[in-house]
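Structure first, then comments.
There are 2 protein chains.
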Amino acid sequence: MDKPSPTARARAAKRAGRGAVTLSDVAAAAEVAPITVSRAINRPESVSDALRARIRAAIDTLGYVPNRMAGALASAKTGVIPVIVPSLSNVVFVEVIEGIQETIETRGYQMLLGSTDYDLDREAALVATLLGWAPPGMLIAGLRHLPRTATLLRNAGVPVVEFMEHGARCIDMNVGLSHYRAGAAMAEHLLTRGYRRIGFVGVRVRDDYRACQRYEGMHRRILEVGGAEDVLFDYSGGVGQDIGWRALGDVLAMRPVIDALFFANDEMAVGAILRAQRDGIAVPGRIAIAGFNGLPMSALVTPALTTIISPRKLIGRRAAELLLARIAGERPGRRRFDVGFRLEVREST
Amino acid sequence: MDKPSPTARARAAKRAGRGAVTLSDVAAAAEVAPITVSRAINRPESVSDALRARIRAAIDTLGYVPNRMAGALASAKTGVIPVIVPSLSNVVFVEVIEGIQETIETRGYQMLLGSTDYDLDREAALVATLLGWAPPGMLIAGLRHLPRTATLLRNAGVPVVEFMEHGARCIDMNVGLSHYRAGAAMAEHLLTRGYRRIGFVGVRVRDDYRACQRYEGMHRRILEVGGAEDVLFDYSGGVGQDIGWRALGDVLAMRPVIDALFFANDEMAVGAILRAQRDGIAVPGRIAIAGFNGLPMSALVTPALTTIISPRKLIGRRAAELLLARIAGERPGRRRFDVGFRLEVREST
DNA sequence: GCGCAAGATGGTAGCGCTGTCAAACCCTGG
DNA sequence: CCAGGGTTTGACAGCGCTACCATCTTGCGC
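Here it is, written out as structure tokens:
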């Protein structure tokens, strides 16, 4: 048999070896040095038109896809940014993630997504694994972590943005809103409207640190007012609207004195409103209902839901921008951003 | 100055170099060969207890995190599985993703998430980039891709599962349901109930291939019945409930003969129901409403929504399992799975 | 026509890890 | 006390790519 053609050789290598066309294959096909191919790909302007064309042709015929591992290893630049959130089922995180995605993608980064299911041990494990990708930075939801997680992150020597809630102590940078103040604001509103027995409804509130803070903010404010009191309803399973639906029934049956319910999120609150509709319970006449997040749906139910609007997409974008700026070597003046919130008073209170 | 100690050298390397503790640093600290550290991490049983303990101690004190790039490059095993979906705003994809995540995570894989925003060119670009991670397999939503995307995928020489819809022609493997049949099933139901002027409401239906198929399935069935007809309402912007809300208004005002609306998803359908509630429009008396997906919410609105339940999490799990099996070298008997759907008739039709 | 700067290309080494095979070690039975 | 087998440890090379520096070309002013 005679000498195989370059194409045939490439194909053989592809099948036999690790199953991929490499930069050297392209170089051989284009009859240039490997490094030139690398340049043609990464800084096209530094290669002459003629060569660039020849190389691109070779790339196309061979179907070459650069191996990013090798590139990352050689250049110590990863192009992957890990994002850690507690849950994907919650729309809220998804919106933040979208904000992040939009922002980092235009700058050529890829998102590595991890979810902890509100478990701090899993979070620590996840951080360790993801750090293994030698990322240029890291985005992680929340300010509360295990000590070892914080240590890992600090030692990694890369910028870290903790997003969602705003607080005094952060590992590196922080973008979010004060859930404590949000809770207090809602309490204030409900008290002003004359409600005095207020229930807070959540799921696994102990684990959901931010919901917990909203409750605390509310609780503190209510304590300050004579004759007012609150109750915490902490469900352990279920999701969103189902919980709200159930909770409304439970509360009316078992704690009829309650005159207002502040739900940990809009989904639950909407569930409660739908239940009220179905069962003919007057809202806010018999009981007031409030939510948190400001999902579009909250404006569409009848009665329209009083809620606190959180700028979720903004959090994602801001967090990503901050991280990218730091990765690019800039030193932003501020490391902590309070994106704020807005109390949207509607018909349900 | 005299020669720096290994430890000092390691520390210096850490600060100066790439900013990370390497396997060699650990080896130096534990006074063993690098390869032994590698073994202690990857196959602990093949290292004596004494050494293993010493190595683990060194790892902990130094805060070593293995560099997965290097590992992947050396072993040609990646541990990253790319997942490509058209959108993250749609809960449906999120649920599928959760199913995938759950499944691959327990097997030590990480998910690399990409979203195309229903743009096939972006999809092609994304596939190319993600293939650069030399993944052991790939999960991609949908069966319709650009020819060059399919070529890339086929040439990559790794298993690929196309999920969401079920169809005859797939690149490698396929898990999903027939949207065409789902549309036909809903048409059948509406016709049986006596509706004859049926509208289909979607957003960017041309791009949303699956919605399009549902419409086609419905359309075909309706054509078969004398005196029945359908109209396609294709909105170009907005999301979920807002669209449904608007669409109901538009249809009643501009095409009052329409007696039933089949929405591209439950979110829109619920939006329409909420609008009907608010405006006192009788559903299904004045107009029937149906959705698609079977979100929990669909059962809670009044009237409860007739919809088609799609097994989203199952799709994710099944797709991931199939892929993992193939990655593990198994040859599953079947390459295409129809997970089916269920028409859930409720009050709104 | 020559010298020099700027631009285009290539050679070499090494990123951090693991596969492969070789060497060193340990224990047992005769 | 030693051969023989298994177990534990190590040396070496190389994964695919890029940083760095060296070399070669080209064009231009004087």
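Here the protein sequences come in this chain order: Y and V.
Sequential numbering from 110 applies to the first sequence in this note's numbering.
Sequential numbering from 110 applies to the second sequence in this note's numbering.
For each residue, glycine too, the CB sits at the ideal point set by N, CA and C.
Residue i: CB within 7 Å of a non-hydrogen atom of the ligand FAD
{"i": "residue 447/V", "result": "The ligand FAD is absent from the structure shown, which contains no ligands of any kind."}
Reduced DSSP secondary structure (H/G/I, E/B, other) of residue i
{"i": "residue 202/Y", "result": "helix"}
{"i": "residue 360/V", "result": "helix"}
{"i": "residue 260/Y", "result": "helix"}
{"i": "residue 380/V", "result": "helix"}
{"i": "residue 224/Y", "result": "strand"}
{"i": "residue 449/V", "result": "coil"}
{"i": "residue 437/Y", "result": "coil"}
{"i": "residue 313/Y", "result": "coil"}
{"i": "residue 339/V", "result": "strand"}
{"i": "residue 285/Y", "result": "strand"}
{"i": "residue 308/Y", "result": "strand"}
{"i": "residue 443/V", "result": "coil"}
{"i": "residue 413/V", "result": "coil"}
{"i": "residue 243/Y", "result": "coil"}
{"i": "residue 189/Y", "result": "strand"}
{"i": "residue 318/Y", "result": "helix"}
{"i": "residue 255/V", "result": "coil"}
{"i": "residue 78/Y", "result": "Here chain Y has residues from 110 to 458 only, and residue 78/Y is not among them."}
{"i": "residue 151/Y", "result": "helix"}
{"i": "residue 324/Y", "result": "helix"}
Same chain, Cβ closer than 7 Å to residue i, neighbours up to 5 away in sequence not counted
{"i": "residue 147/Y", "result": "132"}
{"i": "residue 197/Y", "result": "203 and 224"}
Per-residue burial, residue i [other beta carbons within 10 Å of its own, 16 or more giving buried]
{"i": "residue 363/V", "result": "exposed"}
{"i": "residue 206/V", "result": "buried"}
{"i": "residue 212/Y", "result": "buried"}
{"i": "residue 352/V", "result": "buried"}
{"i": "residue 144/V", "result": "exposed"}
{"i": "residue 114/Y", "result": "In this prediction, residue 114/Y scores a pLDDT of 38, lower than 50, which makes its location untrustworthy; the coordinate-derived value is nonetheless stated afterwards. When all chains shown are included, residue 114/Y counts as exposed."}
{"i": "residue 111/Y", "result": "Here residue 111/Y scores only 32 on pLDDT, less than 50, and its place in the model is too uncertain to base an answer on."}
{"i": "residue 140/V", "result": "exposed"}
{"i": "residue 334/V", "result": "exposed"}
{"i": "residue 151/Y", "result": "exposed"}
{"i": "residue 56/Y", "result": "For residue 56/Y there is no data in the structure shown, the boundaries of chain Y being 110 and 458."}
{"i": "residue 224/Y", "result": "buried"}
{"i": "residue 255/Y", "result": "exposed"}
{"i": "residue 172/Y", "result": "buried"}
{"i": "residue 332/Y", "result": "exposed"}
{"i": "residue 419/Y", "result": "buried"}
{"i": "residue 167/V", "result": "buried"}
{"i": "residue 183/V", "result": "exposed"}
Beta-carbon contacts of residue i that lie in its chain and below 8 Å, excluding the five residues immediately before and after
{"i": "residue 340/Y", "result": "306, 307, 308, 309, 364 and 367"}
{"i": "residue 243/Y", "result": "181, 185 and 187"}
{"i": "residue 378/Y", "result": "353, 370, 372, 398, 399, 400, 401, 407, 414, 416 and 457"}
{"i": "residue 317/Y", "result": "195, 227, 311 and 373"}
Supposed contact pair residue j and residue i - C-beta distance, whole angstroms, cut 8 Å
{"i": "residue 329/V", "j": "residue 321/V", "result": "Not quite, the Cβ-Cβ distance comes to about 13 Å (not below 8 Å), so this is no contact."}
{"i": "residue 208/Y", "j": "residue 435/Y", "result": "No, residue 208/Y and residue 435/Y are not in contact; Cβ-Cβ is about 17 Å, not under 8 Å."}
{"i": "residue 326/Y", "j": "residue 369/Y", "result": "The Cβ separation is near 15 Å, so there is no contact."}
{"i": "residue 191/Y", "j": "residue 221/Y", "result": "4 Å"}
{"i": "residue 174/Y", "j": "residue 237/V", "result": "6 Å"}
{"i": "residue 425/V", "j": "residue 204/V", "result": "7 Å"}
{"i": "residue 286/Y", "j": "residue 449/Y", "result": "6 Å"}
{"i": "residue 437/V", "j": "residue 284/V", "result": "Actually they are not in contact, since the Cβ atoms of residue 437/V and residue 284/V sit about 17 Å apart, beyond 8 Å."}
Same chain, Cβ closer than 6 Å to residue i, neighbours up to 5 away in sequence not counted
{"i": "residue 415/Y", "result": "399, 454, 455, 457 and 458"}
{"i": "residue 389/V", "result": "none"}
{"i": "residue 440/Y", "result": "none"}
{"i": "residue 412/V", "result": "392, 456 and 457"}
{"i": "residue 155/Y", "result": "148"}
{"i": "residue 442/Y", "result": "none"}
{"i": "residue 293/V", "result": "326 and 330"}
{"i": "residue 163/V", "result": "139"}
Any C-beta of chain V within less than 7 Å: which residues of the segment 202-229 of chain Y qualify? 203, 206, 207, 210, 219, 220, 221, 222 and 224
For the segment 383-403 of chain Y, which residues have a beta carbon sitting closer than 8 Å to at least one beta carbon of chain V? So the close ones are 383, 384, 386 and 387.
Using Cβ-Cβ distances below 7 Å, what residues of the segment 411-436 of chain V are close to chain Y? 411
Which residues, in chain order, does the segment 233-248 of chain Y contribute to contact with chain V at a C-beta distance below 8 Å? 237, 238, 239, 240, 241, 242 and 243
With 8 Å as the limit, tell me which residues of the segment 269-300 of chain V have their beta carbon closer than that to any beta carbon of chain Y; keep them in chain order. Listed by position, the residues of the segment 269-300 of chain V near chain Y (Cβ gap below 8 Å) amount to none.
Taking a Cβ distance cut-off of 9 Å, strictly less, list which residues of the segment 171-183 of chain V are near chain Y, in chain order. Cβ proximity to chain Y below 9 Å picks out 172, 174, 175, 176, 177, 178, 179, 180, 181 and 182 from the segment 171-183 of chain V.
Selection of the segment 330-359 of chain V by Cβ proximity to chain Y, strictly under 8 Å: 348, 349, 350, 351 and 354
If the cut-off is 9 Å on Cβ atoms, which residues from the segment 361-386 of chain Y count as contacting chain V, listed in chain order? 376, 379, 380, 383, 384 and 386
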